[in-house]
Every structure is written in C-alpha cells, then in structure tokens.
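Worksheet: one structure, shown below.
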Amino acid sequence: MLLHRYTNISHLVLNAGTATYSHFDYLLYQYDLMRYPTLTVTHPRANIQKTGVLSKDNLGYAWQCNVFGHYCVYRSLQPLLAAYARSSGRPARVIWMSSMDAMPSFDPADDWQLTKTQHSYEGAKFQAESIAAELEHLGIQAREGNLQSPSPPDFVSTDGEVHHLISSPGVVPTNMMTLLGIKLPGYRAGTTAVFWLTRLLGCKHVHMSVYNAAVATVHLALVPLESIPTTHTARDILPTHTKYPPWHLYHNLQTDAVQSLRFGSRSDRWGNEYPGITAVPVWWEDGTRTSAGSCCTSSNVCL
1 MLLHRYTNIS HLVLNAGTAT YSHFDYLLYQ YDLMRYPTLT VTHPRANIQK TGVLSKDNLG
61 YAWQCNVFGH YCVYRSLQPL LAAYARSSGR PARVIWMSSM DAMPSFDPAD DWQLTKTQHS
121 YEGAKFQAES IAAELEHLGI QAREGNLQSP SPPDFVSTDG EVHHLISSPG VVPTNMMTLL
181 GIKLPGYRAG TTAVFWLTRL LGCKHVHMSV YNAAVATVHL ALVPLESIPT THTARDILPT
241 HTKYPPWHLY HNLQTDAVQS LRFGSRSDRW GNEYPGITAV PVWWEDGTRT SAGSCCTSSN
301 VCL
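All the letters of the sequence shown, read from the start, carry residue numbers 1 to 303 under full-length UniProt numbering.
Here it is in structure tokens:
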C-alpha cells in the first residue's frame, strides 16, 4: 500500500514492541529496590517472562514483534528510502527503537527465535540493536569498497542511501505495564512515586511522559547526520562508563570494544529532557563474538 501511495520516505521509526510477561515478582522488586534503587528501575529483573510463546505465524512471539517484523518493514520500504536519498541528495534514516534492557541473554545459534530463553524481550532488543549496527557497518564497508564479498547483499545501502540508528526511550509508564497483570491496588500510583524518587536520587533515564521519552528519537530524526556521533568519531564514549546491577550480564564487564551507540532519552532531577549516548559493548562468549546482526546474512531470516 505504501509503495503505491508514496514516492519516497525520508524517515522510518521502528517503534513497535511487546513482551511475553508472566507475572511481576513483588518481593524481588522490593528487595532489589532497597539495595539498588536507580539500577532496579532501569534494569528490573522482577518482570518475569514466559517461554515458548509462539505467534499465529508459528514464530517466536517476542522475536516476531520486536525483531523480524521490524526487519520486514525496513526491507519492504527500502526502495522508498532509497528513492528519497536519490531525489533529495540526503540519506534516509531508519531509527531502531531499542531498550536499556537489551542484552545477549540467549544463544542465537540455537535459539534465534527466542522461544527457549526466559529473557526473550531483552534478547529481542539485543538482536534489533545488532541488526541495526550490522546494517550500518556493512553499508559503510560497501561505500568504502571493503566488503569481503564481490557484490554487497541487496539489504545493504551501498551508496549512502540509508543510515541505521539506535534509540531508546528510557523508563516511562505506558500501557505495556498492563502485560504484567499486576493486581495490587494503587500500583500505578506507587510506580509513579518510585519513578519520581529514583529520578530525584539521580537516575537520568526516568520520564513521566512519553513526550519526554521521545526526545532521543526526535533528536536523531532532525539533527544533521554529520553531527550524530558514531563509534568512529566518539571513541571517548565507552561501555565502562555505564553502570549495571549485579544481575546484569554487563556488570563489571571490562571492555572498550563498542558494537554500537544507543541514543537514549534522559531527564534531570526536575524532568527537563535531553538526549544522551550509551556505548553498547561487543559481547564475547567462549572466545567468539556474538552478534545477532549476523542473521542479516542468513537466508533463513532475510527477505
């Protein structure tokens, strides 16, 4: 439909997302909140998820909603994005909405649809980040003539037509909270109070409105591409600059290897929003680099 309605598209924001929550662990959340208040809000482990949930298409539900669907939309609209670049002389932008919870809590070789892991949401966001980073990286290699293959795959922008960026809204109350099935009376008011308190304590990732949470994405959509930092131009932004709770895989991860930059919405103690940057580390497992972006080169995934 869009291919017939529009001649070109300048920006594509892949924002849809969901999770297969089972329940909310009240006691665990209170325990973590007392010990690590700001880190518990940004990286909660009390949001318990189901395993083995499939969609009507018999695909991993969280994977289809958060990863595969986004990739299909990009591939479907890639001609319109390229048409904008050719007609305007400026690259189109694809902004992949990720999450602060993104982490490689899965084995993509054995469970790339995320049906066996108890962290399908975090895994899906990690896959989306990795795909965006790999598409951008392959595009740069193609433009510089450094691709190993003689001809670039058709999903790669070879002439600088499309740039892929990663954004995160931070922590904000939305209707997604209802998926947890919390029955506790007044839990929304309690959640708001916790968010206010942790923001006053210095947590810069908490927002009270989706308007504030959109600042990073709007920033990426509007500013000149030349002013957006990359892993090559912002080498002073390192993964070690970000704190993680003890239960997070990145806790005490000592590495300067950066996979991508995630642009996140932030707020000061009084709710004034601004964009910030987090360096996403390269994850190594058993001496092998783990990157969900490699699925871009798999005939099982690409369209």
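We put the CB at the ideal spot given by N, CA and C, even for glycine.
Run through DSSP, which three-state label would residue i get?
i	result
ARG5	helix
GLN30	helix
GLN259	strand
ALA281	A small fix is needed here, since residue 281 is Pro in this sequence, not Ala. If DSSP states are grouped into helix, strand and coil, PRO281 belongs with the strands.
GLU129	helix
GLY89	coil
VAL223	coil
GLU134	helix
ARG235	coil
SER63	According to the sequence displayed, residue 63 carries Trp and not Ser. Correct three-state label for TRP63: helix.
GLY160	coil
ASN175	helix
PRO79	helix
LEU12	strand
PRO275	strand
ILE95	strand
THR297	Reliability fails at THR297, whose pLDDT of 42 lies under 50, so the model's placement of it is uncertain and the value that follows must be treated cautiously. If DSSP states are grouped into helix, strand and coil, THR297 belongs with the helices.
ARG266	strand
Please classify residue i as buried or exposed, where buried requires at least 16 neighbouring CB atoms within 10 angstroms.
i	result
SER291	Low confidence applies here, because SER291 scores a pLDDT of 47, under 50, leaving its location unreliable; read the following figure in that light. Buried, by the Cβ-count rule.
ASN146	exposed
ASN252	exposed
LYS116	exposed
ASP32	buried
SER260	buried
GLN254	exposed
LEU200	exposed
Whole-angstrom Cβ separation of residue i and residue j, contact assumed at under 8 Å?
i	j	result
THR198	PRO37	5 Å
GLU129	ALA102	5 Å
ALA85	VAL162	7 Å
PHE155	ARG75	6 Å
ILE237	ILE182	Actually they do not touch by this definition, with Cβ atoms about 36 Å apart.
MET177	PHE195	Incorrect: roughly 11 Å between the Cβ atoms, too far for contact.
Of all Cβ atoms in chain C, is any one closer than 8 Å to the Cβ of residue i?
i	result
LEU261	Reference to chain C is not applicable here, since this structure consists of a single protein chain.
Just to confirm before moving on: does the CB-CB distance between residue i and residue j stay below 8 Å?
i	j	result
VAL280	ARG266	no
TRP283	PRO104	yes
VAL172	VAL41	no
GLY264	GLY139	no
LEU77	LEU2	yes
LEU54	ASN8	no
PRO239	VAL218	no
GLU273	ASN212	yes
THR51	GLN127	no
> Just checking, does the segment 21-29 make contact with the segment 215-233 on the three C-beta pairs under 8 Å criterion?
Replying inline: Cβ pair count under 8 Å is below three, so no.
>> Assess contact between the segment 80-98 and the segment 165-181, defined as three or more Cβ pairs (one per stretch) separated by less than 8 Å. Is contact present?
In response: Verdict: yes, contact present.
>> When you compare the segment 12-23 with the segment 63-76, are there three or more beta-carbon pairs, one atom per stretch, that lie closer than 8 Å?
In response: Touching, yes, given that three or more Cβ pairs across the two stretches are closer than 8 Å.
> Using 8 Å as the Cβ pair cut-off and three pairs as the minimum, do the segment 235-245 and the segment 113-123 touch?
Replying inline: The segment 113-123 and the segment 235-245 do not touch, with fewer than three beta-carbon pairs separated by less than 8 Å.
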